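A.B. asks: Before I ask anything, let me first share the structure, which is written out below as structure tokens.
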Amino acid sequence: MTSVLVIHPEKCTGCLRCELACSYVQTGAFQPAKSVIRVAPFEGHTSYAPYTCTQCAEGWCMTACPVGAITINAAGAKDVVDDRCVGCKLCTIACPYGTMFYDPDTRKAFKCNLCGGAPACAEACPTAAITYDDTPTADWLGDFAHERTARLLELR
Amino acid sequence: MARRHLIIGGGTAGINAIRTIREEEGERSEITLVSAERPYSRMVLPYYLDRSIAESHVYTASARVLADWGVKTHVGRRAARLDTKANACTLDDGTTVEYDDCLIATGSSAVRAPVPGADGRAVHSFWTLDEARAVLGAIRPRSHVVLVGAGFIAFTILNSILSLGARLTIVEVAPRILPRMIDETGADLVARWLGDHGVSVRAGVTLARIADTKGLKRLVFASGPAITCDLVIMATGIKTNLEWLQGSGVTVNRGVVVDEHLRSSAPSVFAAGDVAEGRDLISGAAAVHAIEPTAQEHGRVAGANMAGRDVRYRGSVLINIVEVCHLDVASFGAWDDPKAEVASGVKADRPAYRKLLWRGDRLTGAIILGPSSDIWTTNDVGMLKGLVQSGVALGRFKAHLARNPFDIKPAFIASKTTGRLLDETILGRPAKAPGDTPVAV
Chain A
0 MTSVLVIHPE KCTGCLRCEL ACSYVQTGAF QPAKSVIRVA PFEGHTSYAP
50 YTCTQCAEGW CMTACPVGAI TINAAGAKDV VDDRCVGCKL CTIACPYGTM
100 FYDPDTRKAF KCNLCGGAPA CAEACPTAAI TYDDTPTADW LGDFAHERTA
150 RLLELR
Chain G
0 MARRHLIIGG GTAGINAIRT IREEEGERSE ITLVSAERPY SRMVLPYYLD
50 RSIAESHVYT ASARVLADWG VKTHVGRRAA RLDTKANACT LDDGTTVEYD
100 DCLIATGSSA VRAPVPGADG RAVHSFWTLD EARAVLGAIR PRSHVVLVGA
150 GFIAFTILNS ILSLGARLTI VEVAPRILPR MIDETGADLV ARWLGDHGVS
200 VRAGVTLARI ADTKGLKRLV FASGPAITCD LVIMATGIKT NLEWLQGSGV
250 TVNRGVVVDE HLRSSAPSVF AAGDVAEGRD LISGAAAVHA IEPTAQEHGR
300 VAGANMAGRD VRYRGSVLIN IVEVCHLDVA SFGAWDDPKA EVASGVKADR
350 PAYRKLLWRG DRLTGAIILG PSSDIWTTND VGMLKGLVQS GVALGRFKAH
400 LARNPFDIKP AFIASKTTGR LLDETILGRP AKAPGDTPVA V
């Protein structure tokens, strides 16, 4: 079995270190705008949870790519091969989780590749809200978010 | 068990079928490919046109790869006749190929507006690689290019034409642009955006003829002023390549009618991609979805079934995305369902637009438009697709989204859409990476 990013949303403080670490390892610069893990606020920014690619079994991004530019890396992550990607965005519309990204500067798609097996987000998280464990992937946020959107739904 | 597979058509559906047969089969079978062209991806031709990739980059399965996969090829040949009683296909050079089962994946081709001059000099289509080469060879910086037709295909090459330094005018017979991809509100935003980026749009005009004048092309319309330009590109629609199936006994409606296994009315004949009339996932109705993702999914399901598996296909979701001068424009599912409940929101200054269509508390279609530099546009594109594809019950989030159509993410996450989607695979098993297709032994 390959390891996956496990999200423990109740431990997230919303400090955004994961986004900083992710962007630094992925792009070489601290630019959260290019992070592929995104901290989502809930209940008017009273709680937070990081959201990222589940490395799903279908790999909708990978099967959709018309030029075979998305492959599976040694860590078992779906990974964009930059010099194959033409920037057609088909993966962004095929991924039903909204975890494909597109960089208008490089004209390439990009996504979580588990940093090749040493995910920077998990390492950077000070509260262990993100861990890298040998376990099947799952919906880590559904129950947490369901509880924490009750108030949102009552607002008018 | 079929020992001899014949794949007719080397596009996305055909190549995916071949790969999947090799992935799924227990015992090595014989695969023959008939393809009028060397297999390449039509999706990436706009990037060949703008010179951001080399021609070598467009090919999906080189002769070497096909040899590695143990595929016999008839490249440059077209299927001329299918005899479903004799299980034989005759090619345009008279060769006959016998099969145990075969896949019809002959795709579609471009059609030009039926006007005088449509076949003249400097009038192009943009559908095949040959046509792309011709357009690339003809456009010069500061050329004035007229795109006839403002549909999806035209919009895929719009950025490329501009990046080559050409001046662009788009003419469309319908009253607005992108008539089969987005609604009027969206089309108005895109038309204004195009104007801001120096592209002239004339919608609601009927082309009468194309004439030659002093080395230039002159487009004459039923009413309104004529347009003079250097080059005309006709993007006036496509038609399914079905004619050759006359007399084959295969049931044809708008496409080759297939069941949930992608099998046609002839038990040993499958069909996939643009040429197949399969099922629309959202409405359950028979539909031809001439889009790349459907060709890919059809091809894989057909390939698995040809390899002896029993894979049922639930249907395809109509999805389209184009980028127009850094503005993303996408639509999903039943985006034009007149019976759906609708919620929408516009931020005209960005511009950004969301339209959500509902049956009960399930999202059945959506339109999204926003700057491609907005990360949330890209994220919402995927999540809207996930909501439409999964048909997850949104319950109280329906009212929330009606009030806040831009607040997709909390609705997606809290409705536990991820959990609904994680078990979904097209072939009932994890997909394999593109390089992992078993090679011939």
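Protein sequences, first through last, are from chains A and G. If you number the first sequence the way numbering that gives the first Met the number 0 does, the last residue is 155 and the count never jumps. If you number the second sequence the way numbering that gives the first Met the number 0 does, the last residue is 440 and the count never jumps. By construction, the Cβ of each residue, glycine as well, lies at the ideal position given by its N, Cα and C atoms. It should be emphasised that the depicted structure is a prediction, and the values quoted were computed from it without experimental measurement.
1) Give me the chain A residues within the contact set of G/Tyr352, using Cβ-Cβ distance strictly less than 9 Å, ordered along the chain.
2) Spatial neighbours of G/Thr19 within its chain, please: CB distance less than 6 Å, with the 5 preceding and 5 following residues excluded, ordered by chain position.
3) With a threshold of 9 Å between beta-carbons, can G/Leu420 be considered close to chain A, or not?
4) Between the stretch 39 to 57 of chain A and chain G, which residues of the former have CB atoms less than 9 Å from a CB of the latter, in chain order?
5) Mind listing the chain A neighbours of G/Ala329? Cutoff is C-beta to C-beta under 8 Å, in chain order.
6) Does G/Gly369 pass the burial test, meaning 16 or more other C-beta atoms within 10 Å, or should it be called exposed?
7) Would you mind sorting G/Thr250 into buried or exposed? The rule is 16 or more other CB atoms within 10 Å of its CB.
8) Report the rounded CA-to-CA distance for A/Cys149 versus G/Ala410, giving the unit in angstroms.
9) Taking the beta carbon of G/Lys431 as the centre, do at least 16 other beta carbons fall within 10 Å, making it buried, or is it exposed?
10) Starting from G/Ser162 and walking both ways along the alpha helix (DSSP H), at which residues does that stretch end?
11) Could you give the DSSP three-state label for G/Ile412: helix, strand or coil?
12) Does A/Ile36 have its Cβ less than 9 Å from a Cβ in chain G?
13) Excluding the five sequence neighbours on either side, which residues of its own chain have a C-beta within less than 6 Å of the C-beta of G/Gly434, listed in chain order?
14) Could you please give the first and the last residue of the uninterrupted alpha helix (DSSP H) stretch that includes A/Phe143?
15) Along the chain, where does the alpha helix (DSSP H) that runs through G/Ala294 open and close?
16) Would the beta-carbon of G/Thr363 fall within 9 Å of that of G/Ala333?
17) On a CA-only basis, which of G/Leu206, G/Gly93, G/Asp273 is nearest G/Pro113? Give me that one, please.
18) Examine chain A for any beta-carbon lying closer than 9 Å to the beta-carbon of G/Ser414, and answer yes or no.
19) Cα separation between A/Tyr101 and G/Arg80?
20) Name the chain B residues whose beta carbon is nearer than 9 Å to that of A/Asp138?
21) Quick check: the Cα distance between A/Met99 and G/Leu383, rounded to an integer number of angstroms?
22) What number of angstroms, rounded off, separates the C-alpha of G/Pro509 from the C-alpha of A/Thr12?
23) Which residues in chain G have a C-beta closer than 9 Å to the C-beta of A/Cys17? List them in chain order.
24) Return the residue from the list G/Ile407, G/Val96, G/Ala347 that minimises the CA-CA distance to G/Thr184.
25) By alpha-carbon positions, which one of G/Thr127, G/Pro437, G/Asp182, G/Ala234 ends up nearest to G/Val170?
26) Would G/Val438 be called buried (16 or more neighbouring beta carbons within 10 Å of its own) or exposed?
27) Pick helix, strand or coil for A/Ala108, following the three-state DSSP scheme.
28) What number of angstroms, rounded off, separates the C-alpha of G/Glu291 from the C-alpha of A/Asp104?
29) Examine chain G for any beta-carbon lying closer than 9 Å to the beta-carbon of A/Cys21, and answer yes or no.
30) Helix, strand or coil: which one does DSSP assign to G/Arg166?
31) With a threshold of 16 other CB atoms inside 10 Å of the CB of A/Arg155, please say whether the residue is buried or exposed.
32) From the DSSP secondary-structure annotation, give me the bridge partner or partners of G/Asp327.
33) Return no unless some Cβ of chain A is closer than 9 Å to the Cβ of G/Ala365.
34) At which residues does the alpha helix (DSSP H) containing A/Pro49 begin and terminate?
35) Check G/Phe125 in the structure and name its three-state DSSP category.
C.D. replies: Straight from the coordinates:
1) By Cβ distance, chain A contributes nothing, its closest Cβ being about 16 Å from G/Tyr352, past 9 Å.
2) Closer than 6 Å at Cβ, skipping near neighbours: Arg299, Gly302, Ala303.
3) yes
4) Ala39, Pro40, Phe41, Ala48, Tyr50, Thr53, Cys55, Ala56, Glu57
5) Ile92
6) Result: buried.
7) exposed
8) Per the sequence shown, residue 149 of chain A should be read as Ala rather than Cys. Going from the Cα of A/Ala149 to the Cα of G/Ala410 covers about 11 Å.
9) buried
10) 151 to 162
11) helix
12) no
13) Closer than 6 Å at Cβ, skipping near neighbours: no residue.
14) 141 to 146
15) 291 to 305
16) One thing to note: G/Thr363 has its Cβ within 9 Å of the Cβ of G/Ala333.
17) G/Leu206
18) G/Ser414 has a beta carbon lying within less than 9 Å of a beta carbon in chain A.
19) 44 Å
20) Among the protein chains in the structure shown, which are A and G, there is no chain B.
21) 13 Å
22) No answer is possible for residue 509 of chain G: it lies beyond the span of chain G, which begins at 0 and ends at 440.
23) Correct list: empty, because the minimum Cβ distance to chain G is about 15 Å.
24) Out of G/Ile407, G/Val96, G/Ala347, the CA that lies nearest to the CA of G/Thr184 is found in G/Ala347.
25) It is G/Ala234.
26) exposed
27) strand
28) 25 Å
29) For A/Cys21, not one C-beta of chain G is nearer than 9 Å to its own C-beta.
30) strand
31) Low confidence applies to A/Arg155: its pLDDT is 48, below 50, so where it sits in the model is not reliable enough to give any reading.
32) G/Glu322, G/Gly369.
33) no
34) Segment 46 to 50 is the beta strand (DSSP E) holding A/Pro49; no alpha helix (DSSP H) there.
35) coil
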